[in-house]
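> Residue numbers (my numbering): 589 to 803.
Ideal Cβ positions, reconstructed from N, Cα and C, are used throughout, including at glycine.
The structure is given below, and queries will be raised subsequently.
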Ligand code: GRF
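Below you can see the structure in the form of structure tokens.
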């Protein structure tokens with residue numbers, strides 16, 4: 589068996605995606621090691637989830653830094669010595685600057701609750717409802733210095749049904765999300781998916797469209 593994929597997971601809140609990754613590791617379906625869970629909010633529930641599973645945690649509160657650059661530098665100083673293969677953003681509500689992204693180029697992943705490039709930014713469920721969409725979904729993409737930009741690796745979609753409200757979409761989205769990160773990370777660990785300088789290959793061929801999660 590190849591060595592476990594080394595991960596650092598960055599969160600700001602609940603951490604249900606973190607939990608899904610932890611559960612997949614414990615179930616043996618994901619060969620990975622979470623070296624650190626880092627939060628910018630001291631009361632992020634995901635920190636409790638991590639501690640319950642014996643995973644190291646750290647809080648770096650952005651409010652304690654005079655600028656985004658200074659905050660990013662603190663994140664870098666914390667994360668670089670851990671030598672993570674991937675930085676996994678799982679509900680991390682801060683935008684990372686160019687220096688941070690450059691230091692981990694092609695190794696930062698984010699999960700976003702829309703079918704990118706549609707509905708970048710916040711409040712995607714309400715905006716999709718207002719937009720009269722028939723479907724909504726979830727994307728995992730590589731992080732670049734632009735918000736919710738960068739190559740999309742994996743998407744999953746679900747129908748918007750009559751009467752659905754934003755909570756219904758969030759529920760459907762989370763169900764998908766919780767399968768998506770464990771699946772994608774395992775593909776990266778197995779080398780089925782590989783990333784080189786933001787160029788993504790799948791089974792040895794350039795990825796020309798996002799992979800889809802089977803319903
Ligand atoms: C998820 O919906 C994710 O798509 C978005 O933030 C939310 C995090 O949820 N980026 P959780 O903290 O993993 O429960």
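For the structure I just gave you, are there three or more beta carbon pairs, one from the segment 697-704 and one from the segment 724-743, closer than 8 Å?
Yes, since at least three Cβ pairs between the segment 697-704 and the segment 724-743 fall closer than 8 Å, the two stretches touch.
> Can you list, in chain order, the residues of its chain with a C-beta nearer than 7 Å to that of residue 650? Leave out the 5 residues immediately preceding and following it.
The residue given as residue 650 occupies position 62 in the chain shown. Counting only Cβ-Cβ distances below 7 Å, and skipping sequence neighbours, we find 628, 659, 682.
> Quick one: is residue 718 buried, meaning 16 or more other Cβ sit within 10 Å of its Cβ, or exposed?
Numbered from 1 along the chain shown, position 130 holds the residue referred to as residue 718. Classification for residue 718: exposed.
> Tell me whether residue 628 counts as near the ligand GRF, meaning its Cβ is closer than 7 Å to at least one heavy atom of that ligand.
As a first step, residue 628 is located in the chain shown; it is residue number 40 there, counting from the start. No, since every heavy atom of the ligand GRF falls outside the 7 Å radius drawn around the Cβ of residue 628.
> Could you tell me whether the Cβ of residue 633 comes closer than 8 Å to any Cβ of chain D?
In the structure shown, chain D does not exist; there is a single protein chain.
> What residue range does the beta strand (DSSP E) around residue 646 cover?
Mapped onto the chain shown, residue 646 falls at position 58. Residue 646 -> beta strand (DSSP E) spans 645-647.
> By the 10 Å Cβ neighbour count, where 16 or more other Cβ atoms means buried, how is residue 596 classified, buried or exposed?
For this step, residue 596 is matched to residue 8 along the chain shown. So residue 596 ends up on the buried side.
> Report yes if the CB atom of residue 678 is closer than 8 Å to the CB atom of residue 598, and no otherwise.
In the chain shown, counting from the first residue as 1, residue 678 sits at position 90. In the chain shown, counting from the first residue as 1, residue 598 sits at position 10. In contact: residue 678 and residue 598 (Cβ atoms closer than 8 Å).
> Please check the pair residue 662 and residue 653, which I expect to be a contact at CB under 8 Å, by giving their CB distance rounded to whole angstroms.
Walking along the chain shown from the start, residue 662 turns up at place 74. Walking along the chain shown from the start, residue 653 turns up at place 65. Rounded, the Cβ-Cβ distance is 6 Å, consistent with contact.
> Is residue 800 helix, strand or coil when you go by DSSP?
Start at 1 with the first residue of the chain shown, and residue 800 comes out as number 212. The answer is strand: DSSP assigns residue 800 an E or B state.
> Report all residues from its chain with a CB closer than 8 Å to the CB of residue 639; omit the five preceding and five following residues, and keep chain order.
For the purposes of this step, residue 639 is taken as residue 51 along the chain shown, with counting starting at 1. Counting only Cβ-Cβ distances below 8 Å, and skipping sequence neighbours, we find 645.
> In three-state DSSP terms, what is residue 748?
Position 160 of the chain shown, counted from the start, is the residue given in the question as residue 748. Note: residue 748 maps to coil in three-state DSSP.
> Do residue 620 and residue 773 have their CB atoms nearer than 8 Å?
Taking the chain shown and counting its residues from 1, the one referred to as residue 620 is at position 32. Taking the chain shown and counting its residues from 1, the one referred to as residue 773 is at position 185. Closer than 8 Å, so yes.
> Does the Cβ-Cβ distance between residue 699 and residue 769 come in under 8 Å?
By 1-based counting over the chain shown, the position of residue 699 is 111. By 1-based counting over the chain shown, the position of residue 769 is 181. Closer than 8 Å, so yes.
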